[in-house]
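Take a look at the structure below.
In the numbering used here, the protein residues as written are 3 to 211.
Okay, structure coming up:
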């Protein structure tokens, strides 16, 4: 998937033409798609559609550019509303397929790997064949800081948005942090060991043991 692939999807006048394997939800202002390379059992991207009535495409390039635009409030509200619908759909699917529902995290990467603002809605198991590197894992750890929760970002709206935008780039260094389980704090030596450990954590959560 190219760097501008999300922007191209966001610009589609008829997202319903996308296959069901890609499109989960569309609203007049947002679109939700399944991540092509999911980093957990459930991984959805929620994006503002283009063109936007009040913002340039470049304002919607990333969380930092949105904050610098000074017009983040409405965009974040629209993303949050769509994400709430996605959350309900995902939880229903969890129960339907496994009999139980588990945690979901909603947030942005401080420094995204693709152009066009996108909110991740991702299950907190972080168990996936396409989670392959330390960077993958650390970018979705909810406790590390590179993955910035939607709730935290919305709390910034009562402060200086521009200052917040300037702090995001510095968070890229967090991707080099040692591999540690975000659930129990145990350190692990490598990605195969981490994936085995996360799988065990997930099974314990599902069975309640």
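Each residue gets a CB set at the ideal place from its N, CA and C atoms; glycine is no exception.
Quantities reported herein were computed from a predicted structural model and do not represent experimental measurements.
Best match in the options for proximity to residue i [C-alpha to C-alpha]
i: residue 111; options: 203, 21, 170 and 198; result: 170
i: residue 56; options: 135, 71 and 156; result: 71
i: residue 37; options: 17, 28, 207 and 8; result: 8
i: residue 40; options: 130, 195, 91 and 18; result: 130
i: residue 51; options: 62, 157, 86 and 146; result: 62
i: residue 177; options: 139, 160 and 92; result: 139
i: residue 13; options: 105, 149 and 53; result: 53
i: residue 16; options: 6, 32 and 126; result: 32
i: residue 146; options: 165, 132 and 172; result: 172
i: residue 148; options: 157, 132, 122 and 95; result: 122
i: residue 86; options: 202, 117, 100 and 29; result: 29
Contact belief for residue i with residue j at Cβ below 8 Å, rounded distance in angstroms
i: residue 174; j: residue 182; result: Actually they do not touch by this definition, with Cβ atoms about 18 Å apart.
i: residue 26; j: residue 46; result: 6 Å
i: residue 193; j: residue 137; result: The pair is not a contact, with the Cβ atoms about 10 Å apart (cut-off 8 Å).
i: residue 119; j: residue 65; result: 6 Å
Residue range of the unbroken beta strand (DSSP E) whose run includes residue i
i: residue 109; result: 106 to 111
Residue i, buried or exposed, once every other Cβ within 10 Å from all chains shown has been counted against 16
i: residue 109; result: buried
i: residue 162; result: exposed
i: residue 185; result: buried
i: residue 81; result: buried
i: residue 159; result: exposed
i: residue 114; result: buried
i: residue 126; result: buried
i: residue 141; result: buried
i: residue 155; result: buried
i: residue 5; result: exposed
Coil, strand or helix - residue i by DSSP
i: residue 34; result: strand
i: residue 180; result: coil
i: residue 49; result: strand
i: residue 14; result: coil
i: residue 123; result: strand
i: residue 95; result: helix
i: residue 159; result: helix
i: residue 28; result: strand
N- and C-terminal bounds of the alpha helix (DSSP H) containing residue i
i: residue 149; result: Element bounds for residue 149: not the alpha helix (DSSP H) but the beta strand (DSSP E), 149 to 151.
i: residue 68; result: 65 to 71
i: residue 205; result: 193 to 209
i: residue 43; result: Here residue 43 belongs to no alpha helix (DSSP H), and DSSP marks it neither H nor E.
i: residue 136; result: 136 to 142
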